[in-house]
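Engineer:
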Amino acid sequence: MLTRVKSAVANFMGGIMAGSSGSEHSGGGCGGSDLPLRFPYGRPEFLGLSQDEVECSADHIARPILILKETRRLPWATGYAEVINAGKSTHNEDQASCEVLTVKKKAGAITSTPNRNSAKRRSSLPNGEGLQLKENSESEGVSCHYWSLFDGHAGSGAAVVASRLLQHHVTEQLQDIVEILKNSAVLPPTCLGEEPENTPAHSRTLTRAASLRGGVGAPGSPSTPPTRFFTEKKIPHECLVIGALESAFKEMDLQIERERSSYNISGGCTALIVVCLLGKLYVANAGDSRAIIIRNGEIIPMSSEFTPETERQRLQYLAFMQPHLLGNEFTHLEFPRRVQRKELGKKMLYRDFNMTGWKHMDTLTVKRESGLPCAGPPQGAGSSLHLLLCGFGFDSFGNTDGWQEKGSMRAYKTIEDDDLKFPLIYGEGKKHLPSLVPDTRLAFHKGIRIQYTFLLRTVSFPPYQRKVDECVLRRWSEEEARVMATIGVTRGLGDHDLKVHDSNIYIKPFLSSAPEVRVYDLSRYEHGADDVLILATDGLWDVLSNEEVAEAVTQFLPNCDPDDPHRYTLAAQDLVMRARGVLKDRGWRISNDRLGSGDDISVYVIPLIHGNKLS
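If you count the sequence shown from 1, position 73 lands on 73 in full-length UniProt numbering, and the numbers rise without skipping.
1) Would D531 and N328 qualify as a contact pair, given that the criterion is a beta-carbon distance under 8 Å?
2) Does the stretch 306-321 touch the stretch 535-549, meaning 3 or more C-beta pairs lie closer than 8 Å?
3) Can you name the start and end residues of the beta strand (DSSP E) that C144 belongs to?
4) Assign F320 to one of three DSSP states: helix, strand, or coil.
5) Is the beta carbon of S597 closer than 8 Å to that of R586?
6) Tell me which same chain residues have a C-beta within less than 6 Å of the C-beta of L35, skipping the five on either side of it?
7) If I'm right that G611 touches L557 with Cβ under 8 Å, what's the distance once you round it to whole angstroms?
8) Output needed for I601: all residues of its chain with C-beta closer than 6 Å, excluding positions within five of it in sequence on either side, in chain order.
9) Within a Cβ cutoff of 6 Å, which residues of the same chain sit near A529, ignoring the five residues on either side of it in sequence?
10) May I ask you to report which of helix, strand or coil DSSP gives I507?
11) Considering only the alpha carbon of each residue, which of E309, S591, T331, R491 lies closest to residue 620?
12) Measure the Cβ-Cβ separation of V274 and A291 and say whether it is below 8 Å.
13) Determine the extent of the beta strand (DSSP E) in which D521 is found, giving its start and end residues.
14) Compare the beta carbon distance of E496 and R260 with 8 Å and say whether it is the shorter of the two.
15) In or out: R594 buried (at least 16 other Cβ within 10 Å) or exposed?
16) At least one CB of chain C closer than 8 Å to the CB of E53: is that the case?
17) Just reading off the alpha helix (DSSP H) that Y568 is part of, what are its end residues?
18) Can you grab the Cα-Cα spacing for the pair S143 / K584, in whole Å?
19) Could you tell me which residues DSSP puts in a beta bridge with P607?
20) May I ask which residues mark the beginning and end of the alpha helix (DSSP H) holding A162?
21) Could you give the distance in angstroms between the alpha-carbon of L245 and the alpha-carbon of V339?
22) For K105, which of helix, strand or coil comes out of DSSP?
23) Can you look up K280 in the DSSP assignment and give me helix, strand or coil?
24) In this structure, how does DSSP classify I61 when only helix, strand and coil are distinguished?
25) Helix, strand or coil: which one does DSSP assign to D418?
26) Nearest to E298 by CA position, among H527, K342, A162, G87, is which residue?
27) In angstroms, rounded to a whole number, what distance separates the CA positions of A96 and Q173?
28) Classify N136 as helix, strand or coil using the three-state DSSP reduction.
29) Between the stretch 60-69 and the stretch 173-182, do three or more beta carbon pairs fall short of 8 Å?
30) Nearest by alpha-carbon distance to Y525: which of L49, I256, L281 is it?
31) Should L424 and L315 be called a contact, given that it needs their Cβ atoms to be closer than 8 Å?
32) Is the separation between the beta-carbon of Y80 and that of I67 shorter than 8 Å?
33) Is DSSP giving T331 helix, strand or coil here?
34) With a Cβ-Cβ cutoff of 8 Å, do G492 and G287 count as a contact?
35) Work out the CA separation of E416 and residue 634 for me, nearest whole Å.
36) Across which residues does DSSP place D94 in a beta bridge pair?
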């Protein structure tokens, strides 16, 4: 009986949330359900699941963990595991893809001067069905590995499209620079057709006047680049790759925007990709997924999370510069709590786009002796007083950046009518999705029609119907920091039709598709069998810290046979199991009886030992 009740509640909540998520993106005139899908929904191709297996995996009660059937489907013996959410959406909105990309020069691409002394590069360890890398040559181009994770929200449409197409944009952007990348001994030319600076030239003895005129050699002699008397930036090859990945994300987002008028591409998604190219790992992240390297027990973060809190100053500055984006409904200022009308005329703490601290004290005496800095704050950096002083322009050492005044400064913000508007960023922290299936109290209401507000969407319940306790939903919706009380992530792809509930205010102008790209040079270290790169969506990181993940991996892998090709898949499965937890009477619980993750969870475990072959 209890199982049937749990199942009914799960289906009921899944229907509410799926319907609500869909309505969140409606009203934009594009991406309607009457349009065909760009790609059919499915799980990652490398899992090799049939349609029946896909349907069976969408069990919000059992939440089976899916792993690779054959490890040969992924290069480097990469491990992968995933699990569906506990009822927040009908489908698993995470997506993943992994391919080997072959980048060849295309017509009109940038060409670099050939390096006659360059040796052939070694191929990577052959470990996949048709995925081995070959020696690079002019005809074959350059091969690289590609892993990706996409965490969808308000539907899986954008995540599915990005998982199918982003790698093609990456390849296209790399084609423009592949010839330069292959010639690693020569710096990239600043201008097309210019002779590389470290290539010997016969005539570099132009006069200063000739160089300023852009002079060339003597009449009839070959043209040579002028000698410059100003500095020129030396652009390393990896910066070209970073620019290519940034452009690929932008083009992917623009394609979703264009095609949403012809196809049903629902919602948006975060994007985390890794490209292994010429002995370096490029980790590009737009969203709140995370990547870390575990090397000899050391944790090396390879990404940052982009949330309303981490990007507060960027969002506030944009709203300050373009206040029309707020629709006269929001204020860009941040207050410690919602301002009430009875507080008009009073003074309150506040934080603007140019502040990391808070304006707090009524008066502050600032004194700076000639040539001497101010006395620093009595507490260390990061203390409450330190943050308050930062609000006045103090740096970490207590200096005032050149202020040479002494006197009283007003520090509170006097509350005005505009401050009563809803704040652009409201809430605190990251979401923690409750395991809604059994971890909710049921109440029986008779003869009363009750409305529950859930993430700014009102859901009506008819009388004589069991209801999920409102406090669970309210706690979930109020804890997470959100932009315009709607979305809790500030970078990603899609979301072009996302509006504030019951308004015509678009949120997309505040969202960015630009990724942060970090580079890891595989050739600098000799990696062991237990050195890995972990990629995971926020379903893992919301309940497990970097240290907990590293501890789990460093304890698990040494207990596996080093020659077992499944060891990294089993490690990924172990991480997913730790984050999901075990189903108990009070929901999914993890270690120390903490609440487990109710979100979709997807994890890659990529062994770095295979990168030794690329060095």
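Quick reminder that beta carbons are idealized off the backbone N, C-alpha and C, glycines included.
Structural biologist: Reading off the structure:
1) no
2) no
3) 142-153
4) helix
5) no
6) Y263, N264
7) So it is not a contact: roughly 16 Å between Cβ atoms.
8) V83, G539, L540, V576, A579
9) P562, I609
10) coil
11) With the chain covering 1 to 615 only, the question about residue 620 has no answer from this structure.
12) yes
13) 516-521
14) The question names Glu, but residue 496 in the sequence shown is His. Yes. Within cutoff.
15) exposed
16) Within the model displayed, chain C is absent; a lone protein chain is all it includes.
17) 567-580
18) 48 Å
19) V532
20) 157-175
21) 42 Å
22) coil
23) strand
24) coil
25) helix
26) H527
27) 21 Å
28) With a pLDDT of only 42 at N136, under 50, the local geometry of the prediction cannot be trusted, and no value is derived from it.
29) no
30) L281
31) yes
32) yes
33) strand
34) yes
35) In the structure as shown, the chain begins at 1 and stops at 615. Residue 634 is therefore absent and cannot be evaluated.
36) D151
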